[in-house]
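Residue numbers (our numbering), protein chains in the order written: chain A, 1 to 257; chain B, 258 to 514; chain C, 515 to 771; chain D, 772 to 1028; chain E, 1029 to 1285; chain F, 1286 to 1542.
Beta carbons: idealized from backbone N, C-alpha and C, even for Gly.
What follows is a set of notes on a single structure, which appears directly below.
There are 6 protein chains.
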Amino acid sequence: MSLAERLAADEITITAWSGVPDSLTVELLAAQPFDAVTLDMQHGGHHEDSVLRSIASVQKSGKPVLVRIPVGRFDMASRALDFGADAVIAPMINSVEDAQKFAASMKYPPVGERSWGPTFGMPRYGKISQQDWLTQSNDRVLAFAMVETRPAFEALDGILAVPGIDGIFVGPSDFSIAWSNGAVVDSTLEEMMGTVAAIAERTREAGKFAAIYVIDPKIAGRVVGMGFRLLATGSEGQVFSYGTASLLGAINQSIKG
Amino acid sequence: MSLAERLAADEITITAWSGVPDSLTVELLAAQPFDAVTLDMQHGGHHEDSVLRSIASVQKSGKPVLVRIPVGRFDMASRALDFGADAVIAPMINSVEDAQKFAASMKYPPVGERSWGPTFGMPRYGKISQQDWLTQSNDRVLAFAMVETRPAFEALDGILAVPGIDGIFVGPSDFSIAWSNGAVVDSTLEEMMGTVAAIAERTREAGKFAAIYVIDPKIAGRVVGMGFRLLATGSEGQVFSYGTASLLGAINQSIKG
Amino acid sequence: MSLAERLAADEITITAWSGVPDSLTVELLAAQPFDAVTLDMQHGGHHEDSVLRSIASVQKSGKPVLVRIPVGRFDMASRALDFGADAVIAPMINSVEDAQKFAASMKYPPVGERSWGPTFGMPRYGKISQQDWLTQSNDRVLAFAMVETRPAFEALDGILAVPGIDGIFVGPSDFSIAWSNGAVVDSTLEEMMGTVAAIAERTREAGKFAAIYVIDPKIAGRVVGMGFRLLATGSEGQVFSYGTASLLGAINQSIKG
Amino acid sequence: MSLAERLAADEITITAWSGVPDSLTVELLAAQPFDAVTLDMQHGGHHEDSVLRSIASVQKSGKPVLVRIPVGRFDMASRALDFGADAVIAPMINSVEDAQKFAASMKYPPVGERSWGPTFGMPRYGKISQQDWLTQSNDRVLAFAMVETRPAFEALDGILAVPGIDGIFVGPSDFSIAWSNGAVVDSTLEEMMGTVAAIAERTREAGKFAAIYVIDPKIAGRVVGMGFRLLATGSEGQVFSYGTASLLGAINQSIKG
Amino acid sequence: MSLAERLAADEITITAWSGVPDSLTVELLAAQPFDAVTLDMQHGGHHEDSVLRSIASVQKSGKPVLVRIPVGRFDMASRALDFGADAVIAPMINSVEDAQKFAASMKYPPVGERSWGPTFGMPRYGKISQQDWLTQSNDRVLAFAMVETRPAFEALDGILAVPGIDGIFVGPSDFSIAWSNGAVVDSTLEEMMGTVAAIAERTREAGKFAAIYVIDPKIAGRVVGMGFRLLATGSEGQVFSYGTASLLGAINQSIKG
Amino acid sequence: MSLAERLAADEITITAWSGVPDSLTVELLAAQPFDAVTLDMQHGGHHEDSVLRSIASVQKSGKPVLVRIPVGRFDMASRALDFGADAVIAPMINSVEDAQKFAASMKYPPVGERSWGPTFGMPRYGKISQQDWLTQSNDRVLAFAMVETRPAFEALDGILAVPGIDGIFVGPSDFSIAWSNGAVVDSTLEEMMGTVAAIAERTREAGKFAAIYVIDPKIAGRVVGMGFRLLATGSEGQVFSYGTASLLGAINQSIKG
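Listed below in structure tokens is the structure:
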């Protein structure tokens, strides 16, 4: 079941979030019981080479692979798809124009302006003709626009109306900074939660997918309740931190008796 | 003989097309009897590091090296030249403004706005003074604008008139998608062939070089007849495919007697 | 003492200038008695991966680390900070609009639009809370706008007035090309020296830091006299050249007696 | 069907021979219609890191992966298995003692002395318990001893009798140098062909697998007739050479009409 | 406090165990609350390059760094020290002769035969003269011989008597295979536990350090009770597994309410 | 003129000494006015991959390239030649048996046992037939045995008599440690200088080449007087140190007036 089909079925999907640009680390992360893996090129360390190689690592696990591009790097959105990504997340889509540029890079004509050349992605996908790849890709690959500023929220309906935009991804830390006008960073800032819920609601009403980053696992139930179905979590640093606490806790308990 | 001199002499020049971002693979490809090697950063996997290192691999073979940049990444056009490239191919030059930005990144003042700093390119070139490098580079390095959409074709004369644009490179797969409004991908689509010929003709009339990607070798004679002189072919995948067919064919013939 | 504090104290600060994208080479360069190290992504070979890894090499030496981004790659300015850079140098800031985009990428709201996510930078910095990182970063990290063309010089006062721009960095080679309308490259071109001095003066009057690249060490005293305090020099190539001359000179003297 | 099962069924198996230490190049090679891929660490450029990453590339294609280690590097034989290799080829096994050391590194006790720790290999294999991995590995992974000198040929029966040695791999170029006492290198040297046939015959009589490198495809039928079933061919250089000849041949034919 | 001092003070020391040959992954692992980090070149994926770069990552955290070399690769023991390692663990030290070779590679004359050349290790260590480095290294760096077979156990007293061997490291999985003559792999095999305890006891009686790998945290208290003070645990795979269980557990609990 | 020819002509040859495993750094070092470049795998950081790629960097400069292997790693001696090295330096050749193993790995039969397979070296060399490569290599590539201990000195005549050993390379730091029985490290230790001179003398009498590492340039004249012709110096660290002193000295002088 592709990511598009899974989300269309309204299934909760939890993606790990890789920031270490190394295909072996990604291979180990993809072997954990997450539903998908995202490679982060904005705040994480992933780059062209690591994305190209790490996509294969995730594909070997049979899971979908998403790529978050740096701000405004729509050339990389197309490249991620050419390398085999199932979805791309674009940060700081703050206007309809941003959304249009993003969509153009993600979809073949006539929807967008994606250029032909799936050099790595097509062989990695399995047996498929060039013509079928052209015909099927626009539906199969997903474009998530990040909403994480006030202008983005104000432009939400317009962004949702752009052909080729498949979902909205909320960045709650940036949203809290925006909401507090730079005063605080708090991914569960209570004052913004109503707005976050509204984003999910309007996104679903527009027939598109709602996604969000979950830093504090305790917020998960609440955002699922709001309608978010794609939940991102589990950077290498976070998983290492949880794992070390758990492992050293068990060792120390054994030692101290 | 530089690439510029070779094309000025109207010689047919066939460039391999590397998509594997590894300088050793490029070294092996450059050792084959192609006339030049292009490093593809748009649909291929090449990136800053592989281009920097692979340019040296091609130079060791004595052949010209071209770089195709990702869409709109004119910062990289300048960098490719600073690393030692002889030419840059820019995809999706769909307007005169695109062409102007591209030319600006490729040529030193007063033609363009290329910034000074041939950190790797100048030592790799051989004995040359800074002043000579400044004076000679604009003529020696070539800027190829890709024409692969309807708007690009409509803007062709304007693009050809931009100072610093040295040639037009046709992307036939994208052009077929554009021509069919997204319906088919076919690098030898008959309906567009008249237009492809017209591009070569007008490019030559403008005193510039006509280039094209040749996926199906059987089309080569026809495009040469149209006036194209720089022919791109031979990605690692394509060469592997042809070579394996040939080698395994000979082995199997020997076994089956 | 941070780079910001050091420059605020008007101390002459000499930064090495790394163009080799390799964290071990940077480690060796950072061990030399320079005051700081700059990683060059414009004309040097540094890229996302090498910057991510080399910043750690410089930090291990206890010195500040600066990153020069490619032209217009403000996405990378934010990333350099997320990786732990203390300052970013942006080339070809030729207008107030350029300066505003650069500042936006460097400073968190409300000054700019930098996105939250110091995945590597915060753990590398040492013990600090997310909230303190948000509050302190805008003052601690420095944005240097390169002035190296005539339009840039004409826009200088406007650039200096942009909130978030902390200093001006003069690129003397490009400036000489600009000043001579493409005729010569000469980092100590006498005709432009009055203007170079004026840049330093106006920058200091605006309460900002004046920086310049010093290719010929004999110019150092003069530019310090003009008010420049951050002096860049010492690419790997230049240091190798000076060092080999010195070492082989001593060996040959010993042999020839 | 594993490599062991395939050879036990007496099926002709043709392995490509990768010498480029890059997992993407290996991915492309593995996608060609060879039956298996060998990573060469002796004369090829493969090393620990490339083997670790390239094994995953071959596994993604569903084909067996073999590793040829450098001379005497039995530590690497164990490591190749820990990384997931299906077989190891050891060069210059010139004595029973050499064969014993090799076998010791390849098989768990009580057959050999392989150390426990399939850090990467076991997760890559799929669902299997530690205990099953221990029990099944000795049969599943194959140890090929290279016979390529006169002493090796003289020790052949002893080598074949070493528990844990699963097959003999003939290196015909070295064998020709040995046979001619250093005078010629000729992988199809007629004088040695009777001996080559004898190696296959005695290997099969001992119930083990006979393998050989095939440089000239025209020899394939003859060596299959001798009883060799694992045939190695198709280095990147050879495949590039065959492929370029084929592709440029077609292009030139089209151009010349 | 150095690793040698820490163990001399009989402090329990828990080292993480890195198998991913990537210096950034090691940086993240070193930031977790382990007391030290070991880079595994035997069953893990570490190699010369990753060890060279990852040692710097661990040093940045202020923690000791150990390296486990492949079987018999005593050339690498010396290299690990030249790169800056504080200790080396050598697998399969099955005889006094093995121990002597290992010690020779670890200690400068007159104790051993380590060759001079701390190209990277000395600058990384901080201010120290060449003479002090020579004089102090033999005491500061630790050589751990792995005992994991019956012959090794039988030679234990001889191994402990070799000058330059500082400790014994028990590999419990291999030891269980050895103890069961290849029948089972079980790191807590009850039948061998008395022998494991005897190893610790005799090691401590010889004035040397006892170390062991702890796969199941519940065994930690027991082995500490036996006298082991250096406990290895926490490979990336294990920490990922514990961490994902913990994180996804919390998320799922939040969702299910 | 090859390295063998140059030394046969008794020309003083100064080789740089690279320890940074990065082909770009090596490219920059090779561009300096040294006569040759050595890649150090013993105390430097070079490894299989960096040697493979860096040999091409040195070859591009037209200079000979040498490789120093780790202690006892004769598998790597052969590989260095397969990658294109002109000479190999083997450390710690302390006995005739060591010298025989080294020579065996360096020379094709009948002199040695080098295995056939110049996968990279032959194409890099230029147009040459396989047969000529076989016939000419033994004379063209040079094997330098390092003499740096008392046993090595005692075995010197025997080592010099081994067919295939082309020269002796003195490691003066290790030799001083050996000479002082571990008490001091001093590459110009006066007490050993007579012995060092004797090594050169006996080496030349045997018709072989004398080489030595020169750390202090002031010793150069003296060792040339002894008969040494291949002088190694100029690690990246040393060249950086000399170069920074020279460059910053000039800058500071300019500033202080």
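The Cβ neighbour count for Lys320 of chain B, taken over all protein chains shown within 10 Å, is at least 16; the residue is labelled buried. CA-to-CA, the gap between Phe331 of chain B and Thr1041 of chain E works out to about 53 angstroms. Ala982 of chain D is a Cβ neighbour of Ile939 of chain D, given a cutoff of 8 angstroms.
In this structure, DSSP gives Met706 of chain C a helical state, which the three-state scheme calls helix.
For Arg1101 of chain E, the nearest beta carbon of chain D is closer than 8 angstroms to its own beta carbon. Annotation: the continuous alpha helix (DSSP H) that includes Ser254 of chain A extends over Glu236 to Lys256. Close partners of Asp945 of chain D in chain F (Cβ separation under 7 angstroms): Ser1400 and Trp1401. Boundaries of the beta strand (DSSP E) around Gly424 of chain B: Gly424 to Val427.
Proximity of the segment 480-497 of chain B to the segment 273-284 of chain B meets the contact definition, three or more beta-carbon pairs being nearer than 8 angstroms. With respect to Glu1039 of chain E, Ser1085 of chain E sits apart: the two C-beta atoms are not nearer than 8 angstroms. Interface criterion not met: the Cβ of Pro1092 of chain E is under 8 angstroms from no Cβ in chain D.
A Cβ-Cβ distance of about 4 angstroms is found for the pair Glu148 of chain A and Gly171 of chain A, placing them in contact under the 8 angstroms criterion.
Below the 8 angstroms Cβ cutoff, chain E contributes no neighbours of Lys641 of chain C, its closest Cβ being approximately 11 angstroms away. Shown here, Tyr879 of chain D sits in coil according to DSSP, grouped into three states, outside any helix or strand.
Setting aside the 5 residues that flank it on each side, Ile476 of chain B is surrounded in the same chain by Thr445, each with a C-beta closer than 7 angstroms to its C-beta; the list follows chain order. Cα atoms of Glu519 of chain C and Leu580 of chain C: separation of roughly 15 angstroms, rounded to the nearest angstrom. In the DSSP secondary-structure assignment, Val67 of chain A is bridged to A:Leu39 and A:Val88. Following the DSSP letters along the chain, one finds Ser18 of chain A inside the beta strand (DSSP E) bounded by residues Thr13 to Ser18. Taking CB atoms only, Val1469 of chain F has a neighbour in chain E less than 8 angstroms away. Taking 8 angstroms as the cut-off, the Cβ atoms of Met363 of chain B and Val398 of chain B count as close. Closest by C-alpha distance to Asp1320 of chain F, out of F:Arg1514, F:Ala1362 and F:Tyr1527, is F:Arg1514. Here Met333 of chain B is buried. Its C-beta has 16 or more other C-beta atoms within 10 Å. Contact of Pro278 of chain B with chain A is assigned, a C-beta pair being separated by under 8 angstroms.
Under the three-pair Cβ rule at 8 angstroms, the segment 1182-1189 of chain E counts as touching the segment 1113-1125 of chain E.
In the DSSP assignment, Ile733 of chain C falls outside any beta strand (DSSP E), carrying neither H nor E.
Residue E:Gly1112 holds the alpha-carbon nearest to the alpha-carbon of Met1150 of chain E among E:Gly1112, E:Ala1273 and E:Phe1130. Under the 8 angstroms criterion on CB atoms, Ser571 of chain C is classed as interfacial with respect to chain E. Rounded to whole angstroms, the separation of the alpha carbons of Leu795 of chain D and Ser825 of chain D is 8 angstroms. Closest option to Ala287 of chain B, judged by alpha-carbon separation, among D:Thr1015, D:Leu774, D:Val995 and D:Gly1028: D:Thr1015. Taking Ile1205 of chain E as the centre and dropping the five residues before and after it, the same chain places the C-beta of Val1213 closer than 6 angstroms to its C-beta, in chain order. Excluding its 5 nearest sequence neighbours in each direction, Lys208 of chain A has C-beta neighbours in its own chain below 8 angstroms: Leu160, Ile165, Asp166, Gly167 and Ile168, listed in chain order. Under the Cβ criterion of 8 angstroms, Thr1015 of chain D is counted among the residues facing chain B. No Cβ of chain A is located within less than 8 angstroms of the beta carbon of Asp473 of chain B. One alpha carbon belongs to Phe915 of chain D, the other to Val859 of chain D, and they sit about 6 angstroms apart. Excluding residues up to 5 positions away in sequence, Phe74 lie with their Cβ nearer than 6 angstroms to the Cβ of Lys101 of chain A in the same chain. For Ala103 of chain A, not one C-beta of chain D is nearer than 8 angstroms to its own C-beta.
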